[in-house]
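What follows is a single structure, written as structure tokens, with notes after it.
Residue numbers (this note's numbering): 25 to 139.
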């Protein structure tokens, strides 16, 4: 499985970013995909997930400020982050939903939110 996240960057607090994650090597449409983030020195946490049928679940930390979607034709999952806060600063990854991410971790994308 290959996972490659992109779309991160430096943004001011209150701004928005749209992250993308391309997935290859699996039957994409048959898998629940989750977004995780990792702050340096801390454990990765799941922030959003989207099921095979498109059901979305969000962590309280990003709920009401984010939206995830998937394009099964492009094997890509998206994460729209709005009203960004400095505490959203992290490296964002995608991975399977189960097992807190059981595929080998691919390239993440760094989101830096300045105050």
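Backbone N, C-alpha and C fix where the C-beta goes; we use that ideal spot for every residue, glycine too. None of the values given here were measured: they were computed from a predicted structure.
What does the alpha-carbon distance come out to for the pair residue i and residue j?
i, j, result
"residue 99", "residue 65", "30 angstroms"
"residue 47", "residue 37", "29 angstroms"
"residue 123", "residue 116", "17 angstroms"
"residue 83", "residue 136", "19 angstroms"
"residue 63", "residue 97", "31 angstroms"
"residue 45", "residue 86", "18 angstroms"
"residue 80", "residue 35", "25 angstroms"
"residue 102", "residue 138", "22 angstroms"
"residue 113", "residue 119", "19 angstroms"
"residue 70", "residue 128", "16 angstroms"
"residue 111", "residue 121", "23 angstroms"
Give the DSSP bridge partners of residue i, in chain order.
i, result
"residue 42", "104"
Give the DSSP-derived three-state secondary structure of residue i in the structure shown.
i, result
"residue 132", "coil"
"residue 96", "coil"
"residue 61", "strand"
"residue 33", "strand"
"residue 79", "coil"
Under the assumption that residue i contacts residue j (Cβ atoms under 8 angstroms), give the Cβ distance between them as a whole number of angstroms.
i, j, result
"residue 104", "residue 42", "5 angstroms"
"residue 28", "residue 49", "The Cβ separation is near 11 angstroms, so there is no contact."
"residue 40", "residue 106", "5 angstroms"
"residue 125", "residue 58", "7 angstroms"
Return no unless some Cβ of chain C is closer than 8 angstroms to the Cβ of residue i.
i, result
"residue 34", "No chain C is part of this structure, which consists of one protein chain only."
### Message
Check whether the region 122-134 and the region 75-95 touch, using three or more Cβ-Cβ pairs below 8 angstroms as the test.
### Response
With the cut-off at 8 angstroms, the region 122-134 and the region 75-95 do not touch.
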